[in-house]
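Read through the structure below, which is laid out as structure tokens, and then see the notes.
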Amino acid sequence: MTKYLIKRILTAIFTLLIIATVTFFLLRAIPGGPFTREKALPDAIIRALNEKYNLDKPLFFQYLDYIKGLLTFNLGPSYRILGFTVNDIIRSGLPTSALIGGIASALIVIIGIPVGIISALKQNSPVDYFVMFLATLGVTVPNFIIATLIIYIFSTQLGWLPSNGISNPLGYIGPVIALMGYSLSFVSRLTRSSMLEVLRQDYVRTARANGISERKVIFKHALKNALIPVITYVGPMVAAILTGSFVVEKIFAVPGIGRYFVQGVTNRDYTVIMGMTVLYSAFYIFMILLVDLAYSWIDPRIRLDGGAR
Amino acid sequence: MADLNFKKVAKEDKQDIEQTRRSLTYWQDVWRRLKNNKSSMVGLVGVIFIVLLAVVGPWLTPYDYSDQQSDFSNLPPRLDIREVGDKTFYVTRVYRLLELQDGRVVDRFADLDTNVVDKINHHAKEIILPINVETTQTYALPSSVTLGADEYYSEKWGIALGDTTYSFGDDAVEVVYIHPDSPFQNVEFEGSPYDVNESGYFAELTLVDNYGEANAEDAAYDFDHGAENLITALEDATFVEEIRFYGEEVIVDYSYGLMNDNMVPDGYEDVNLTIEYQGEENKYVTDTIHNKIFLLGSDTQGRDILTRVLYGARISLIVALIATVVNFIIGVTYGAVAGYLGGNWDNFMMRVVDIINSIPLVLWVILLMVVLREVVIDIEIAGRTYVIFRGTSGLGTIAIALGTVYWVAMARLVRGQVIGLKEQEFVLAARTIGVSNAKIISRHLIPNALGPIIVSMAMMIPAAVFTEAFLSFIGLGVSAPQASLGTLANNALSGFQSYPYKLFFPAAMIALMMLAFNFLGDGLRDALDPRLRKG
Chain A
0 MTKYLIKRIL TAIFTLLIIA TVTFFLLRAI PGGPFTREKA LPDAIIRALN EKYNLDKPLF
60 FQYLDYIKGL LTFNLGPSYR ILGFTVNDII RSGLPTSALI GGIASALIVI IGIPVGIISA
120 LKQNSPVDYF VMFLATLGVT VPNFIIATLI IYIFSTQLGW LPSNGISNPL GYIGPVIALM
180 GYSLSFVSRL TRSSMLEVLR QDYVRTARAN GISERKVIFK HALKNALIPV ITYVGPMVAA
240 ILTGSFVVEK IFAVPGIGRY FVQGVTNRDY TVIMGMTVLY SAFYIFMILL VDLAYSWIDP
300 RIRLDGGAR
Chain B
0 MADLNFKKVA KEDKQDIEQT RRSLTYWQDV WRRLKNNKSS MVGLVGVIFI VLLAVVGPWL
60 TPYDYSDQQS DFSNLPPRLD IREVGDKTFY VTRVYRLLEL QDGRVVDRFA DLDTNVVDKI
120 NHHAKEIILP INVETTQTYA LPSSVTLGAD EYYSEKWGIA LGDTTYSFGD DAVEVVYIHP
180 DSPFQNVEFE GSPYDVNESG YFAELTLVDN YGEANAEDAA YDFDHGAENL ITALEDATFV
240 EEIRFYGEEV IVDYSYGLMN DNMVPDGYED VNLTIEYQGE ENKYVTDTIH NKIFLLGSDT
300 QGRDILTRVL YGARISLIVA LIATVVNFII GVTYGAVAGY LGGNWDNFMM RVVDIINSIP
360 LVLWVILLMV VLREVVIDIE IAGRTYVIFR GTSGLGTIAI ALGTVYWVAM ARLVRGQVIG
420 LKEQEFVLAA RTIGVSNAKI ISRHLIPNAL GPIIVSMAMM IPAAVFTEAF LSFIGLGVSA
480 PQASLGTLAN NALSGFQSYP YKLFFPAAMI ALMMLAFNFL GDGLRDALDP RLRKG
């Protein structure tokens, strides 16, 4: 187990290094630098700026500097938001994004899984049809449309929620719902279908034949196996949600981290783009690792060290 | 001895007993299963319908997707008309008077002349400017701003304007703001998000969003007495417009809707504007009719939304299709080669897939888009430069970005299939008669794995539509004047409060596409691979 963990962590670091490297060189392949403006800056200023940010050094040395910075968790200064380092930006944006994302993720799990189970147990009943109708709708409507509708209905028409910002606790409701939409639908659909599949299996029939109470059959025997595909999805989803959805933060004017990434992309703020990519990837990889560990906890048949997956 | 009188049985009778049934090929069986599945048939019909609309639709409408008729901008699909005398008028939200006949615009009149409204709009839009324009920079703006009060009030219009200085770090910023109760806030703020702070005033949204860089032109505005000047101008202003046409006079009075409540004369409390024509005065909307020039309305530049939505659907479908094909080519080749070669090759290739799989793909697409849009690859041969690849923000780039990122799942799936198939006898047979490896993969292995591949491709299309809409939404999509559904939705967002129909139709189209393709994909999965069938 420890050996497996160490191996996985080393692989994760290696993967991150590859991601950082590729991102670095990809961004440097773009013609024009962060100081290219529509109104050209004087040469002297560009030279001074390049010197200040070490952009005049050979590319390889810049790369080494960057990796060195990464290893000490220093992601460098932002080229566009003056006086801010990427660390500052993450520090200012991440808590908000993580809070909204955390609430959304928790609600997805708390609502999505039970709804999926109920829907599976009452297959082909009105409840099931209603849930599946909502879930299908949720998967097909993009979150920016959900977000806009929330603002339109609850902020503009009814005036119940603030239309932007999170200075008021009510302001969290909109972003959280918009973030949840797709994943909540997906999780309940996934739970339902995998639950149905498990319930058809022989061991469940055996358990029932042995006279075990229905509650025990479902929660003790069926649910654990049914949750495996759900966990596979939920892990990376949490990473995606916690690090902020660009769209939702843009629409609700939430001062989170996703906004900075989009700004960085449009401003060609290299360090911000790279910083966000690395942060996001690290989180994503971490969640995948957690998922793999959760597998063996839920289903001891899945052995982590060696063995076929 | 019994007379054994055997008789020959007719051929038809014999067959009847044998109960033969025409044997079905795999694909016939798939079609039979698909036909029996109601939701997938709905999906199939929907997909065919949408594809037809996207392919043929843009040619059937009388406009081109880039045709601009700026006189007729922002017309909703249903028009609130006012009938006065023998004429029918429509007043747009930006105070433009149009004459209608049978739902078509026959004449247009000049915009409101003494345009104080415009003046306010102009300043409201450019409220926030760094004073020191020489050092242009982007501000990381706070979510709310506390404003001091130094305000001017016009009783007649019930509007309060204020000047104040706010400092962002080292830079002082002059802000003009408008009281939230003022009628003018509805005039062309385009529904962008604005921020109301504790004292109940709002500063323009650019504040919240990131104003970007100011240019010298903006700085020309006299900040010192901005609010005072505006109020003085307002006190003198009337919002009456007199138009003459065909020798007759139309008088439009916009004042009532803008006035402060206690200044409105009796009988005009809920009147927005009046139109006087041929001695008759109209106070209210008399009827609501369909817009016959633009069935689904027009956008900010006076382009037909119906045409734009159909054309956007075409762009979205093309992007999804190319992305799926690219994804198919890379994924299937990679997976089949890895699976067929096996051993160390397989190990290495699958480790690469593992690494790619642990990268958040949406992020990767964004990065690729950023790079691909601008990169130019060229080679120099004998002093001349040949451009191999020139990045654009067109269709191709986005399709390539999507296709080259999402092949991983496909590769895994094909590898799994190939590993199972390659041990079977028919492959051995092919190998013994000396068929080359490439041919075994392309002629024997891939066709046998086609079922799951098709399912995966069918699911890729809606995913690509979704991702493309998202990319367009954050401004990385196809470039203007082309527009995908995501671009349309994004453009509609800024004026959403005033013109919800602009968002509604592209959004509905996206949802319909997703629904149809998802239904079809689910049905195909059940039909092609019954083992994968889910509840």
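The listed protein sequences derive, respectively, from chains A and B.
So the first sequence is residues 0 to 308, counted in numbering that gives the first Met the number 0.
So the second sequence is residues 0 to 534, counted in numbering that gives the first Met the number 0.
Note that beta-carbon positions come from the ideal geometry of N, C-alpha and C, so glycine has one too.
The secondary-structure analysis by DSSP pairs B:T273 across a beta bridge with B:D252. Leaving aside the five residues that flank A:S118 on each side, the residues in its chain whose CB is nearer than 6 Å to its CB run, in chain order, D127, V130, R191.
Beyond the five residues adjoining it in sequence on each side, B:P505 comes within less than 7 Å, by CB distance, of V308, G311, L484, L487, A488, A491 in the same chain, given in chain order. Contact residues of the segment 497-514 of chain B toward chain A are P499, L502, A506, I509, A510, M513, L514 (C-beta to C-beta distance below 7 Å). Non-local C-beta neighbours of A:H220 in its own chain, meaning closer than 8 Å and more than five positions away in sequence, comprise Y202, V203, A206, I211, ordered along the chain.
The DSSP-derived three-state label of A:P76 is strand.
Here B:T273 has D252, E280, K282 as same chain residues with Cβ atoms under 6 Å from its own Cβ, once five neighbours each way along the sequence are excluded. By a beta-carbon distance limit of 8 Å, B:Q300 contacts B:Q67. Their separation comes to about 5 Å.
A straight-line Cα-Cα distance of about 11 Å links A:F285 and A:L278. About 6 Å separates the CB atoms of B:I49 and B:M512; that is less than 8 Å, so the two are in contact. Within the segment 230-255 of chain A, P235, A238, A239, T242, F245, V246, K249, I250, F251, A252, V253, P254 place their CB atoms closer than 9 Å to a CB of chain B, listed in sequence order. Sorting B:I250, B:A9, B:I304, B:A457 by C-alpha distance to the C-alpha of B:P61 places B:I304 at the top. Among the bridge pairs identified by DSSP, B:N281 is matched with B:I274. For B:P61, there are no neighbours in chain A by C-beta distance under 8 Å, as the nearest C-beta there is about 28 Å away. For B:T486, the enclosing alpha helix (DSSP H) stretches over residues 484-492.
Look at B:S38 here: in three-state DSSP terms it is helix. With 16 or more neighbouring CB atoms inside 10 Å of its own CB, A:N266 falls in the buried class.
Assigned with DSSP and collapsed to three states, A:L157 falls in coil, not helix or strand. CA-CA distance, B:M349 to B:A337, rounds to 7 Å. Looking at the DSSP output, B:T306 shares a beta bridge with no other residue. Sequence-ordered contacts of the segment 101-131 of chain A with chain B read A119, Q122 [C-beta pairs closer than 9 Å]. For A:V85, no CB of chain B lies under 8 Å from its own CB, so it is not counted at the interface with that chain. Chain-ordered, the chain B residues with CB closer than 9 Å to the CB of A:P141 read F465, A468, F469, F472, G485, A488, A506, I509, A510, M513. Rounded to the nearest whole angstrom, the C-alpha separation of B:E422 and A:V233 is 36 Å.
Annotated three-state conformation of A:R300 is coil, per DSSP.
By the CB criterion at 8 Å, B:L33 and B:A526 fall inside the cutoff. Going by DSSP, A:T84 is part of no alpha helix (DSSP H) at all; its letter is neither H nor E. DSSP places A:I149 inside the alpha helix (DSSP H), whose first and last residues are 142-149.
B:I473 sits in coil when the DSSP states are folded into three classes, being neither helix nor strand. From the listed residues A:A19, A:V108, A:T155, the smallest Cα separation to B:Y498 is found for A:T155.
Relative to the Cα of B:I460, the nearest Cα in the group B:L502, B:A515, B:G433 belongs to B:A515. For B:V370, the nearest CB of chain A lies under 8 Å from its own CB, placing it at the interface with that chain. Distances from the alpha-carbon of A:W296 to those of A:N224, A:F72, A:M179, A:S104 put A:N224 closest. B:L394 is positioned such that its CB atom lies no closer than 8 Å to that of B:I329. A:F245 sits away from A:G173, with the two beta carbons spaced by 8 Å or more. The Cβ atoms of A:Y3 and B:S357 do not sit closer than 8 Å to each other.
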